[in-house]
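Chemist:
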Amino acid sequence: MSYESRQSRDWFEEADPACGKPGLRFRCTMCGNCCTGPEGYVHLTDEEHSALAARLNLSKDDFLRDYTRETVFGRSLKERATPHGLDCIFLDRDSIPGKAICGVYEDRPAQCRTWPFWPSIIASRRSWETAKRTCPGIDTGPLIPPSQIRIQRDRTPRDPSR
Numbered sequence: 007m008s009y010e011s012r013q014s015r016d017w018f019e020e021a022d023p024a025c026g027k028p029g030l031r032f033r034c035t036m037c038g039n040c041c042t043g044p045e046g047y048v049h050l051t052d053e054e055h056s057a058l059a060a061r062l063n064l065s066k067d068d069f070l071r072d073y074t075r076e077t078v079f080g081r082s083l084k085e086r087a088t089p090h091g092l093d094c095i096f097l098d099r100d101s102i103p104g105k106a107i108c109g110v111y112e113d114r115p116a117q118c119r120t121w122p123f124w125p126s127i128i129a130s131r132r133s134w135e136t137a138k139r140t141c142p143g144i145d146t147g148p149l150i151p152p153s154q155i156r157i158q159r160d161r162t163p164r165d166p167s168r
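For the sequence shown, position 51 (counting from the first letter as 1) is numbered 57 according to the numbering used here, and the numbering increases by one without interruption.
1) Please name the residue, chosen from TYR111, ARG161, ILE150, ASP68, that lies closest to PHE32 on a Cα-to-Cα basis.
2) Just mark GLU10 as buried or exposed, buried being the case when its beta carbon has 16 or more other beta carbons within 10 Å.
3) Quick check: the Cα distance between GLU112 and GLU85, rounded to an integer number of angstroms?
4) For GLY80, which residues in the same chain have their Cβ closer than 8 Å to its Cβ, ignoring the five residues on either side in sequence?
5) Taking only the alpha-carbon atoms, compute the straight-line gap between ILE107 and THR35 and give it to the nearest angstrom.
6) How do the segment 122 to 136 and the segment 60 to 72 stand: do at least 3 beta-carbon pairs fall below 8 Å, yes or no?
7) Which first and last residues belong to the alpha helix (DSSP H) in which ILE102 is found?
8) Going by alpha carbons, who is nearest to CYS141 out of LYS27, GLY43, ASN63?
9) So, are the CB atoms of PRO125 and THR162 less than 8 Å apart?
10) Which residues bound the alpha helix (DSSP H) around GLU85?
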């Protein structure tokens, strides 16, 4: 049973006060907060391993050795200690002053592409507001319609926050 079929109406179907339409607002500010912090886990599929290896002109084995680590959940991208916390190995804080950009943006894993529309984040207005404390892009930018939010939620490979 899908998440959607268990819930007849999602809270984000309520009208946005600014425009009267349902949905949630989000625009990435390139702050890097979703890519840093305490030790985390970034789920990677075999296809994502292969795409990232190809992007870096590495064999899959070399990519797995140099850029991932084994966890109880499976392979995850490595992290490196910075003054901000443990940054994803692909987070670049140097190219654009004051910004943090993904060095593999076009090939980033689904878990990264679906932020902040993870099931645990959009489960309730309260969880959305909690995520907003560390993500300045939440409640800014264009209105994302409920249908697109559900697509992103359903593409989340496994809820990383649980």
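Glycine is no exception: its CB is placed at the ideal position from the N, C-alpha and C atoms.
Modeler: From the atom records:
1) Here residue 32 refers to the residue found at position 26 of the sequence shown. Of TYR111, ARG161, ILE150, ASP68, the residue nearest in Cα terms is ILE150.
2) Numbered from 1 along the sequence shown, position 4 holds the residue referred to as residue 10. Because the pLDDT at GLU10 is just 47, under 50, the model does not fix this residue reliably, and the value given afterwards should be weighed accordingly. That one is exposed.
3) The residue you call residue 112 lines up with position 106 of the sequence shown. The residue you call residue 85 lines up with position 79 of the sequence shown. Distance between the alpha carbons of GLU112 and GLU85: 19 Å.
4) On the sequence shown, position 74 is the one that residue 80 refers to. Cβ within range, chain order: HIS49, LEU50.
5) If you number the sequence shown from 1, residue 107 lands on position 101. If you number the sequence shown from 1, residue 35 lands on position 29. Annotation: ILE107 to THR35 spans about 10 Å, alpha carbon to alpha carbon.
6) no
7) Reading the sequence shown from its first residue, position 96 is the one you call residue 102. It is not in any alpha helix (DSSP H) - ILE102 carries neither H nor E in the DSSP assignment.
8) For this step, residue 141 is matched to residue 135 along the sequence shown. Considering only alpha carbons, the answer is GLY43.
9) The count along the sequence shown starts at 1 and reaches residue 125 at position 119. The count along the sequence shown starts at 1 and reaches residue 162 at position 156. Yes, they are a contact pair.
10) Residue 85 sits at position 79 when you count from the first residue of the sequence shown. Where GLU85 is concerned, there is no enclosing alpha helix (DSSP H), although the beta strand (DSSP E) it sits in stretches over 85 to 88.
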